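Colleague: In the numbering used here, the protein residues as written are 174 to 289.
Glycine included, every Cβ here is placed at the ideal spot set by N, Cα and C.
Bear in mind the structure is a predicted one, so any value in this text is a computation, not a measurement.
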Amino acid sequence: MRILIIDDEPMLAAALQRVLARASCDSVFVTSGRAGLEAVLADEPDLILCDLGLPDLPGLGLLEALELQRPELIPRLIFMTGGAPSAREAAAIARHGLVVLEKPFSPAELLALVAR
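1. From 215, 274, 222, 188, pick the residue whose C-alpha is nearest to that of residue 257; which is it?
2. Measuring straight from C-alpha to C-alpha, what distance separates residue 264 and residue 241?
3. Under the rule that 16 or more other beta-carbon atoms within 10 Å means buried, what is residue 259, buried or exposed?
4. Is the Cβ of residue 254 closer than 8 Å to any Cβ of chain D?
5. Does any heavy atom of the ligand PLP sit closer than 7 Å to the C-beta of residue 264?
The following block contains the structure:
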């Protein structure tokens, strides 16, 4: 399984990569929302782990871009956040039936979602 990690915290992204590697997943990470959108559109990963609170293109912006450009990729999206999503974010997440992992989360929680 090919997984794209989009998070502005390189140490967290590297830790996620190590966990995913133990489950025989190939993963790459980018540290900005814009780079994440480019990677999603170019590579079509099997799963996208995206931080909601990215400074340049937040997770909601990525979701909105995918709605316009590649809506078939939206079900591959899992959001991560250290706080509660805003009302607007929560509405968009619910509309698409997406999952939100609340930081900090355990490796077991992550791997359970990947196994779905």
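Modeller: On the basis of the supplied data:
1. The residue labelled residue 257 in the question sits at position 84 within the sequence shown. Nearest of 215, 274, 222, 188 to residue 257, Cα basis: 274.
2. Position 91 of the sequence shown holds residue 264. Position 68 of the sequence shown holds residue 241. Cα to Cα, residue 264 sits roughly 17 Å from residue 241.
3. As a working note, residue 259 is residue 86 in the sequence shown. Burial call: exposed.
4. Absent from the structure: chain D. Only one protein chain is present.
5. Ligands displayed in this structure: none; no statement on the ligand PLP is therefore possible.
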